[in-house]
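Working notes, structure below.
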Amino acid sequence: MLHLTANPLTSVGPIKLGATREAVRKAAGPEFEEFRKSLSSENTTDDYGSFHVYYDEDDTCVAVEVFPEIEVVVDGEVIFPTTLEKAAAAIPSLERDDDGLLSAEKSIGIYAPYGEMESILFGVRGYYD
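Here is the structure:
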């Protein structure tokens, strides 16, 4: 399993939140597929298979969503994939919502609609405002 260290509001592995699409692609590598996540998406998304990178209308990275093929560590603790309880204990600002856990303060969303983690998203400051 691949391991990434995330620094909320700053980076996910080699990807810097707030970086240009060009800088993200240089850091993440050439193996991606560009697609539009939904009809209302401001811009296209880069799909690297085990993670997606989201951009705003200026091609600035606003979020990285990671899927269970990658283990994510924050402050030395594995927070994904694990249990919702362990993630919430590691990051106290995470609160339960209808789909899993959310920290507006750290712009982290864990999607777990049936109690099992399906993805974790790290966004720029204000992503969930």
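Every number in my numbering is 18 more than the matching position in the sequence shown, counting from 1.
No residue lacks a Cβ here, since even glycine has one placed at the ideal position from N, Cα and C.
Owing to the predicted nature of the structure, the values given are computational and were not obtained by experimental measurement.
Membership of V142 in any beta strand (DSSP E) is not indicated, and neither H nor E is assigned to it by DSSP. Unbroken beta strand (DSSP E) runs of no fewer than 3 residues, entirely contained in the region 58 to 138, are found at 63 to 65, 69 to 73, 79 to 84, 88 to 92, 95 to 98, 113 to 115, 118 to 121, 126 to 129, following chain order. Burial check for S125: the Cβ neighbour count within 10 Å reaches 16 or more, so the residue is buried.
Cα atoms of F50 and A106: separation of roughly 31 Å, rounded to the nearest angstrom. By the Cβ test, the region 89 to 104 is not in contact with the region 63 to 79, since fewer than three Cβ pairs between them sit closer than 8 Å. The region 92 to 102 and the region 33 to 49 do not touch, with fewer than three beta-carbon pairs separated by less than 8 Å. Apart from the 5 residues on each side of it in sequence, G31 sits with its Cβ closer than 6 Å to the Cβ of L22 in its chain, given in chain order.
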